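K.L.:
One structure coming up, written as structure tokens, with questions to follow.
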Amino acid sequence: YAVSILLKLRIHKDCCEVKLLTLGATKKEHVSEILSQENPVCVGSVETMTLKNYAVSILLKLRIRKDCCEVKLLTLGATKKEHIATILSQEKPVFIGRVKEMVLAKYAVNV
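Quick note on the numbering used here: the sequence shown kicks off at 1 and runs consecutively.
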């Protein structure tokens, strides 16, 4: 359930740089609170981001600082098809901004 702490964090979108953000969720209910939010969750500027299993689905809700921001490494890993079902059910594409290097593992290659 630690993924839900993102909703409580106040990361200032204008001046915050996060070096490493790693989130993993083994159960769908671990990310359900974030997915049910109407507004996106701002994580500022992120250098390296890793999302594992059900946490991959919160990519739909994350907002990374757009101006002059480049994610150096984005890693998505999903060991089951259910982990990415929320993303695959979306009709519109997922916009993630500028990414220098991306690693997609197992079922995440379908994203």
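For every residue, glycine included, the Cβ atom is placed at its ideal position computed from N, Cα and C. All values derive from a computational prediction rather than experimental measurement.
1) Roughly how many angstroms separate the alpha carbons of ALA108 and GLY77, rounded to a whole number?
2) Is PRO40 closer than 7 angstroms to ARG63 when the C-beta atoms are compared?
3) Buried or exposed for ASN53, going by 16 or more other Cβ atoms inside 10 Å?
4) From what residue to what residue does the alpha helix (DSSP H) around SER32 run?
5) Taking the Cβ atom as the reference point for each residue, do THR131 and THR50 lie within a distance shorter than 7 angstroms?
6) Report buried or exposed for ALA25, applying the criterion of at least 16 other Cβ atoms within 10 angstroms of its Cβ.
7) THR86 lies in the beta strand (DSSP E); which residues open and close that run?
8) Does the beta-carbon distance from LEU73 to GLU101 come in below 7 angstroms?
P.N.:
Considering the structure as presented:
1) When the Cα atoms are used, ALA108 and GLY77 turn out to be separated by approximately 5 angstroms.
2) Closer than 7 angstroms, so yes.
3) It counts as buried.
4) Segment 32–35, the alpha helix (DSSP H) holding SER32.
5) Examination of residue 131 is not possible in this model, given that the chain is present from 1 through 111 alone.
6) By the Cβ-count criterion, ALA25 is buried, with 16 or more other Cβ atoms from all chains shown falling within 10 Å of its own Cβ.
7) Looking at the DSSP string, THR86 is not in any beta strand (DSSP E); the run it does join, the alpha helix (DSSP H), is 85–88.
8) Yes; because the gap between Cβ atoms is below 7 angstroms, this pair is in contact.
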